[in-house]
Amino acid sequence: MNLPAAFFPLWVQWSTLLAALGLLGWAASRVRWRGLDHVALNAWLGACVLTMAMWMMKGGLKPGLSFHLLGAAILTLMMGHWLALLALAIVLAGVTAYGAGDWLALGLNFWLMAVLPVTLVSTVLRLTQRLLPPNLFIYVFVGAFLAGGASLFATGLAGIAVLGMAGAYPWDELLSEALPFYFLLSWSEAFTSGLIMAILIVYRPRWVATFDDSRYLDDNSDPGA
Numbered sequence: 001m002n003l004p005a006a007f008f009p010l011w012v013q014w015s016t017l018l019a020a021l022g023l024l025g026w027a028a029s030r031v032r033w034r035g036l037d038h039v040a041l042n043a044w045l046g047a048c049v050l051t052m053a054m055w056m057m058k059g060g061l062k063p064g065l066s067f068h069l070l071g072a073a074i075l076t077l078m079m080g081h082w083l084a085l086l087a088l089a090i091v092l093a094g095v096t097a098y099g100a101g102d103w104l105a106l107g108l109n110f111w112l113m114a115v116l117p118v119t120l121v122s123t124v125l126r127l128t129q130r131l132l133p134p135n136l137f138i139y140v141f142v143g144a145f146l147a148g149g150a151s152l153f154a155t156g157l158a159g160i161a162v163l164g165m166a167g168a169y170p171w172d173e174l175l176s177e178a179l180p181f182y183f184l185l186s187w188s189e190a191f192t193s194g195l196i197m198a199i200l201i202v203y204r205p206r207w208v209a210t211f212d213d214s215r216y217l218d219d220n221s222d223p224g225a
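See below:
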């Protein structure tokens, strides 16, 4: 979903853009750049390119109602919260530069397609780490599969709400024609996120910043139990 600028007043376009730039500056300040693994960093840059290509392979009904995989869960689990926001900003800027978006709507799209899904996935990850056992299956199924699907559906639902409140399309049209597509696509997002993260933690765990071998793979059971 890449919302056109024409649907929104100028003050919404500029306020969301300035707020997005402020958040990106804060995100950049929270990243420990000197401590980044150069191997993982190369993998993350490659993930940005692949995500950009995935966003370009889309279908759509009307302007603002496009359907494509999001990849936010994969980027969040690979990079962590702050780097994932920066990565999705790069992806969104690249897609916009290609001509698939409006620069004035960049801020609004960033909040919908980056901040919302990344925050949701990060929150699910923290809750599973706090409330559930340190189990590899839980990490993949809840943190990647379920959170990945939920992130896309939440983004689609938020986009529909924004379009409806802006008066871009009638509510009944949005709910009957667009919402079912996002629901169905969320299962593809869930499967893709879960599969890719399962492969990465098996073959390239060094690329996954949120995966800790000592937490998920070590035998923490009490031998005297």
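Read in order, the letters of the sequence shown are residues 1 to 225 in UniProt numbering.
Note that CB positions come from ideal geometry on N, CA and C, so glycine has one too.
Compare the C-alpha of residue i against each of the options and name the closest.
i, options, result
"P117", "G107, L83, T76, W103", "T76"
"G156", "I90, L21, E177", "E177"
"A89", "G22, P63, F7", "G22"
"N2", "G46, H68, A209", "H68"
"residue 270", "L41, N109, G35", "Shown here, the chain extends from 1 to 225; a query on residue 270 therefore has no answer."
"V12", "W111, T51, S29", "W111"
"W103", "T16, G46, A209, M197", "T16"
"G35", "I196, M79, E173", "M79"
"V208", "E173, A43, G60, W187", "A43"
Take residue i and list the residues in its own chain whose beta-carbon comes closer than 8 Å to its own, dropping the five residues that flank it on each side.
i, result
"V49", "none"
"N135", "Y216"
"F141", "G194"
Would you tell me roughly how many angstroms separate the C-alpha atoms of residue i and residue j, rounded to the nearest one?
i, j, result
"L70", "A105", "18 Å"
"A27", "L83", "7 Å"
"I138", "A6", "43 Å"
"V95", "M57", "11 Å"
"F8", "V162", "9 Å"
"I199", "T123", "23 Å"
"R206", "I74", "14 Å"
Can you give me the Cβ contacts of residue i inside the same chain, cut-off strictly under 6 Å, excluding the 5 residues immediately before and after it?
i, result
"A114", "L85, L88"
"L24", "A89"
Mind checking whether residue i and residue j have CB atoms under 8 Å apart?
i, j, result
"A20", "G107", "yes"
"E189", "G143", "no"
"I201", "F191", "no"
"A147", "L185", "no"
"A158", "G64", "no"
"L174", "I160", "yes"
Identify whether residue i lies in helix, strand or coil by the three-state DSSP scheme.
i, result
"F153", "helix"
"L65", "strand"
"G167", "coil"
"G143", "helix"
"G59", "strand"
"N109", "helix"
"T16", "helix"
"P9", "coil"
Report all residues from its chain with a CB closer than 7 Å to the CB of residue i; omit the five preceding and five following residues, and keep chain order.
i, result
"V91", "C48, T51, M52, W55"
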